[in-house]
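Here's the structure we're looking at; comments come further down.
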Amino acid sequence: MTFYENRELWRPTEEYTNHRIPGMLVTRRGTLLAYCEARCSASDWGRMDILLQRSENHGESFGEPILIARGNERHGTVNNPVMLEDKNGRIHFLYCEDYTVNGGRALRKYSDDDGLSWSEPIEITEYTRPDYRNVLAFGPGHGIVTEDGTLVVPVWMVPRFFEAPLLAHNPSVISTLYSKDNGESWAMGELLETKSDLISPNETVAALTSDGRVYLNIRFRGYCRAKAYSQNGYSDWQDYRPDYSLPDPQCFGSVAAYDDGKHPYTLIFANCADKEKRANVTVRASLDDGESYSVSKLIDGERGGYVELAVDNGAGLIYLLYEDKFGETCHLSRFNYEWIFK
22 MTFYENRELW RPTEEYTNHR IPGMLVTRRG TLLAYCEARC SASDWGRMDI LLQRSENHGE
82 SFGEPILIAR GNERHGTVNN PVMLEDKNGR IHFLYCEDYT VNGGRALRKY SDDDGLSWSE
142 PIEITEYTRP DYRNVLAFGP GHGIVTEDGT LVVPVWMVPR FFEAPLLAHN PSVISTLYSK
202 DNGESWAMGE LLETKSDLIS PNETVAALTS DGRVYLNIRF RGYCRAKAYS QNGYSDWQDY
262 RPDYSLPDPQ CFGSVAAYDD GKHPYTLIFA NCADKEKRAN VTVRASLDDG ESYSVSKLID
322 GERGGYVELA VDNGAGLIYL LYEDKFGETC HLSRFNYEWI FK
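Shown next as structure tokens:
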């Protein structure tokens, strides 16, 4: 039996005009966490907070918004929220103040009660190579945990040697921030730099392949996606190249692994499958660890923006959260594996 549903999740409020940079995490308890930058204007550098909403019934309904990071007079921008859950059930939330420039910090919070309450912020700027770069941002979207328990969060940054303006978002390079002690300390992995056919790699999402490697799906200044693979998620990246089979308008797309034990191990990918505009939100399925995407399904032909994915293997559901008109609204689709392959 196939299942599909689509509805609006966020729209403007008296306080927030735009809900941007969506992220999602399905916890070990099966709770769906949906989070975003709740902006007071459309600007990437404007006043904003980070909001979280929890669903304990597989996305049928959500609780009241939880404010998990607040912009202030000194650092009005709190940006690029990313969450992941370690193997002990602690949820880690990473974000930045002002892209870590002008005194802004890279920060981590954690929750031990399934996202209901959060620790005070813990600064992790020292692990993000502050002497090497200007702006830095996580993900966005979500991080992953490898089979040996390593926490892996993609990052993008603008190296100082490019001599770009302090607040510029490009030219950029990417890497991963990783932790082998459940978030107590972190390290920056090997850089994936710009090259002739892959200029300014930036917003990136990770997923585990069927054999435990880390697959990166990458936005860059071209009109398709790019990819790379690593055995550990932080070094010796292989097959780093454009993926011309995945058209993209230079926007954020997402990938997640579907592994319910009933179907073949599948990477689910979603983005605005268009070279020119943020529209045609499409979900695709790969049965060969991202080497190819043999199945695709259109979600929304008219609307589009940043797209985030999460998988609930226990419930057999896939969640797709996407923006429209730069976050004036955000829409949540829920569907099952069979719907993609119908």
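In terms of my numbering, the sequence shown opens at residue 22 and continues consecutively. The beta carbon of each residue, even a glycine, is placed where N, CA and C say it ideally should be.
- Counting only residues of its own chain and dropping the five nearest sequence neighbours on each side, histidine 284 has a CB closer than 7 Å to the CB of Tyr358.
- For tryptophan 360, the uninterrupted alpha helix (DSSP H) run begins and ends at 358 to 362, by DSSP.
- Judged by beta-carbon spacing, phenylalanine 183 lies beyond the 7 Å limit of leucine 115, meaning their Cβ atoms are not closer than that value.
- Three or more Cβ pairs drawn from the stretch 82 to 97 and the stretch 65 to 74 lie within less than 8 Å of each other, which places the two stretches in contact.
- Residue pairing by DSSP places serine 196 opposite Val176 in a beta bridge.
- Taking all protein chains in view, the Cβ of phenylalanine 362 is surrounded by fewer than 16 other Cβ atoms within 10 Å, so the residue is classified as exposed.
- Comparing alpha carbon positions, the residue from Ser64, Ile89 and Gly136 closest to glycine 51 is Gly136.
- For tyrosine 56, same chain residues with a beta-carbon under 6 Å away, outside a window of 5 residues either side, are Gly44, Leu73 and Pro102 in chain order.
- Shown here, glutamate 118 sits in a strand according to DSSP, grouped into three states.
- Inclusion of arginine 299 and serine 317 in the CB contact set at 7 Å is not warranted, their separation being larger than that value.
- Counting along the chain, the unbroken beta strand (DSSP E) around lysine 130 starts and ends at 127 to 132.
- By DSSP's assignment, isoleucine 87 forms a beta bridge with Leu73.
- Shown here, tyrosine 148 sits in a helix according to DSSP, grouped into three states.
- Contact between tyrosine 131 and leucine 172 does not hold, since the beta-carbon distance rounds to 11 Å and is not under 8 Å.
- In terms of CA proximity to phenylalanine 356, Gly337 leads the group Gly348, Phe347 and Gly337.
- Annotation for glutamate 344: Gly326, Tyr327 and Cys351 place their beta carbon closer than 6 Å to its own, counting only its chain and skipping 5 residues before and after.
- DSSP places arginine 49 in the coil class of the three-state scheme, outside both helix and strand.
- Between threonine 225 and glycine 210, the gap from beta carbon to beta carbon reaches 7 Å or more.
- Looking at the backbone, the Cα of leucine 212 and that of leucine 288 are separated by about 24 Å.
- Our two residues, valine 276 and asparagine 109, have alpha carbons roughly 23 Å apart in a direct line.
- Contact check for valine 122 against valine 156 passes: the beta carbons are separated by less than 7 Å.
- Sequence-distant partners of aspartate 133 (beyond 5 residues in either direction) whose C-beta falls short of 6 Å from its own C-beta, in its chain, are Arg111.
- Rounded to whole angstroms, the gap between the alpha carbons of glycine 162 and leucine 342 is 10 Å.
- Per DSSP, the beta-bridge partners of lysine 318 are Val304.
- Cβ contact annotation for cysteine 245 (same chain, cutoff 7 Å, sequence separation greater than five): Pro263, Asp264, Tyr265, Leu267, Pro268 and Asp269, in chain order.
- As computed with DSSP, alanine 294 is found in no beta bridge at all.
- Its chain contains no residue whose beta carbon lies nearer than 7 Å to that of aspartate 202 once the 5 sequence neighbours on both sides are disregarded.
- The straight-line gap separating the alpha-carbon atoms of alanine 185 and alanine 294 is approximately 30 Å.
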